[in-house]
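When the sequence shown is numbered by the working numbering, its final residue is 1090 and no position is left out of the sequence of numbers.
Glycine residues also receive a C-beta, built at the ideal position from the N, C-alpha and C atoms.
This report refers to the structure that appears directly beneath it.
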Amino acid sequence: MVAVFNKELLSWYLITVKLRETVESAIPKSPTGVPALEFSERSHQELQKLQQTPSGHVVIGGKDDNPGLKPPADLVQVVIKGDSENPEEGSKQSESDWVISIKEKLEQAREDDAASSWSKLCIYKVPHYLRESDDKAIVPQIVSLGPYHHGKKRLRQMERHKWRSLHHVLKRNNQDLKLYLDSVTELEERARSCYQGPTNLTSNEFVEMMILDGCFVLELFRGVAEGFKNLGYPRNDPIFAMRGSMHSIQRDMIMIENQLPLFILDRLLGLQLNDPDQTGLVAKLAVRFFDPLMPNDEPLSENDRNKLESSLGYATTFDPLSDLGGLHCLEVFRRSLLRTGPKLAPRIWMRRWSHNRRVADKRRQQLIHCATELKEAGIKFKKRKTDRFWDIKFKNGVLMIPRLLIHDGTKSLFLNLIAFEQCHFDCSNDITSYVIFLDNLINSPEDVAYLHYSGIIEHWLGSDAEVADLFNRLCQEVVFDINDSYLYQLSADVNSYYNHKWNAWRATLKHKYFSNPWAIISFIAAVVLLLLTSAQTFYAVYAYYRPSS
542 MVAVFNKELL
552 SWYLITVKLR
562 ETVESAIPKS
572 PTGVPALEFS
582 ERSHQELQKL
592 QQTPSGHVVI
602 GGKDDNPGLK
612 PPADLVQVVI
622 KGDSENPEEG
632 SKQSESDWVI
642 SIKEKLEQAR
652 EDDAASSWSK
662 LCIYKVPHYL
672 RESDDKAIVP
682 QIVSLGPYHH
692 GKKRLRQMER
702 HKWRSLHHVL
712 KRNNQDLKLY
722 LDSVTELEER
732 ARSCYQGPTN
742 LTSNEFVEMM
752 ILDGCFVLEL
762 FRGVAEGFKN
772 LGYPRNDPIF
782 AMRGSMHSIQ
792 RDMIMIENQL
802 PLFILDRLLG
812 LQLNDPDQTG
822 LVAKLAVRFF
832 DPLMPNDEPL
842 SENDRNKLES
852 SLGYATTFDP
862 LSDLGGLHCL
872 EVFRRSLLRT
882 GPKLAPRIWM
892 RRWSHNRRVA
902 DKRRQQLIHC
912 ATELKEAGIK
922 FKKRKTDRFW
932 DIKFKNGVLM
942 IPRLLIHDGT
952 KSLFLNLIAF
962 EQCHFDCSND
972 ITSYVIFLDN
982 LINSPEDVAY
992 LHYSGIIEHW
1002 LGSDAEVADL
1012 FNRLCQEVVF
1022 DINDSYLYQL
1032 SADVNSYYNH
1042 KWNAWRATLK
1052 HKYFSNPWAI
1062 ISFIAAVVLL
1072 LLTSAQTFYA
1082 VYAYYRPSS
């Protein structure tokens, strides 16, 4: 094999040789009587056998007998490895490198496929079709957790507070840091497999990040549940206190790209409490920590929360949420929102005829008509008293929807929940179904105003138009199978009622003639006048044909 340096000069030399061969090819015979074609081939073969003479000149055919073609001494440096002098090796060098490169990539793909465990993947990056120009809803603004946003400049300010939290943990429990390092190192490979794609962190950097971020999260969880003062933090602490920044931190911690595996948090909490069997306690703390993000207009009271926990079977160190396979805080929060969860009615015949996946887009398909159109068709809207915001009912022309509070964090919450449902294989689409249902109901600010008038929507945004724009953008490109929506049957019932003409006529009559007391009085007066006129006409005709004797 020949390794060549100073390629530009070598290219000039080869061009000179090629020009000479071209000129000689036009001559019938070479000066030595050899046909031009044979001379060209021989020249090409000799060109492949480059050797370095003691003087540093490049010679052809191993002889320095052609000084006219001798290049400068610094033209090339030739290093001959082995004794291979195959003339075809140089001409096929680039092709061989290309094939070798492809084989190396295939080998790397084989190793990646063998090493990857897709079943453990649970912390995803938001798909590109859900991203917008303003990515504040999916990118953390204050604190980073995990590898996706680790080390970003604008998030480094929180790092010193993470180190403070780790210091408090070690000091409070009188523990050695090596205990945490050894314990988390055992879970490193399992934790890496939870994230989408490879991470650029070394083993030590990854373990350090898991411990630092995990202890920070647990301090926040325990501080909200037990009180930050009991954990050793002063009341004026800039982070570990119930201040205005806590809401922004909660919003960052619920993002899908900002999650830590739940088993890492379980292990760290077990080390702090000197009890390794702490499965479920972190999930319970997470539900309580993220309670202010619930999309209900009022948080649960302590009595209602206790009823909820007793109905779910909470115990001191056990949480059924983790028993169902808790993955991370976002997934735990999602199942706490759904709790018992909506149930799909069996529709075997319907699924047999619908195999295509549809896109939830107004140009393609809608579950239901907008609120103003449903109102015109005689369908009433009523607020349903329940803390399960997704629990929508329809009966006797009345659509009962629980109250929904919309604030500046609602978009981020719903978008990250939808992204998780879109990415995770073993996950239902209940949140996506609910948001698409609202997207269908809300097409304009007038729809928002009517739902607000009905007590269903309460918002803290600037205008009704912003609320309409929020829902219209959330599910613009979401892949969604309508037949798998828990609201499919309810939507079918509403549409059936909407398509009944008598209901629309009755609604129009009520809207035009019974909308206020004066309209009702006018309508009754008109009816009475019509009846009197009819009676007068009848008696006049009757008297004409049946005169009195």
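Using a 10 Å radius around the Cβ and a threshold of 16 neighbouring Cβ atoms, would you call residue i buried or exposed?
i            : result
residue 1075 : exposed
residue 783  : exposed
residue 970  : buried
residue 1079 : exposed
residue 876  : buried
residue 752  : buried
residue 807  : buried
residue 685  : buried
residue 715  : exposed
residue 792  : buried
residue 664  : buried
residue 974  : buried
residue 764  : buried
residue 1021 : buried
residue 816  : exposed
residue 802  : buried
residue 768  : exposed
residue 1068 : exposed
residue 580  : Because the pLDDT at residue 580 is just 42, under 50, the model does not fix this residue reliably, and the value given afterwards should be weighed accordingly. Result: buried.
residue 1004 : exposed
residue 1029 : buried
residue 1006 : exposed
residue 960  : buried
residue 937  : exposed
residue 790  : buried
residue 786  : exposed
residue 988  : buried
residue 1083 : exposed
If you drop the 5 nearest sequence neighbours on each side, which residues of the same chain put their C-beta closer than 6 Å to that of residue i?
i            : result
residue 992  : 912, 998
residue 609  : Below a pLDDT of 50, predicted positions are generally treated as unreliable, and residue 609, at 47, falls in that range; the measurement from the model is reported next regardless. So no residue of the chain qualifies.
residue 979  : 1012
residue 823  : 806, 807, 810
residue 702  : 780
residue 933  : 942
residue 1072 : none
Are the CB atoms of residue i and residue j nearer to each other than 8 Å?
i            : j            : result
residue 799  : residue 687  : yes
residue 945  : residue 930  : yes
residue 797  : residue 667  : yes
residue 737  : residue 662  : yes
residue 691  : residue 680  : no
residue 705  : residue 766  : no
residue 953  : residue 678  : yes
residue 837  : residue 949  : no
residue 947  : residue 873  : no
residue 827  : residue 762  : yes
residue 733  : residue 740  : yes
residue 976  : residue 1015 : yes
residue 1172 : residue 724  : What the structure shows of the chain is the stretch from 542 to 1090, and residue 1172 is not part of that stretch, so it cannot be assessed.
residue 957  : residue 834  : no
residue 713  : residue 755  : no
residue 760  : residue 744  : no
residue 1039 : residue 915  : yes
Please name the residue or residues paired with residue i in a DSSP beta bridge.
i           : result
residue 941 : 923, 934
residue 484 : Given that the chain is displayed from residue 542 to residue 1090, the structure contains no residue 484 and the question cannot be resolved.
residue 736 : 664
Residue i CB to nearest chain D CB: under 8 Å?
i           : result
residue 671 : Among the chains in the structure shown there is no chain D, since it carries only a single protein chain.
Does at least one heavy atom of the ligand FMN sit under 7 Å from the Cβ of residue i?
i           : result
residue 782 : Summarising the ligand content, the structure contains no ligands, and the ligand FMN is consequently not present.
Just to confirm my understanding: we take residue i, look at its own chain, exclude 5 residues before and 5 after, and list those with CB closer than 7 Å. What are they?
i           : result
residue 939 : 921, 923
residue 718 : 711
residue 909 : 978, 981, 982, 1032, 1035, 1036
residue 561 : none
residue 749 : none
residue 775 : none
Checklist entry - In chain order, which continuous runs of the alpha helix (DSSP H) of length 4 or greater are located wholly inside the region 954-1035? => result Entirely contained in the region 954-1035, the alpha helix (DSSP H) runs reaching 4 residues are, in chain order, 971-982, 986-994, 1005-1015.
Item to check | Start-end ranges of the beta strand (DSSP E) lying completely within the region 638-682, minimum 3 residues | outcome: Whole beta strand (DSSP E) segments, 3+ residues: zero.
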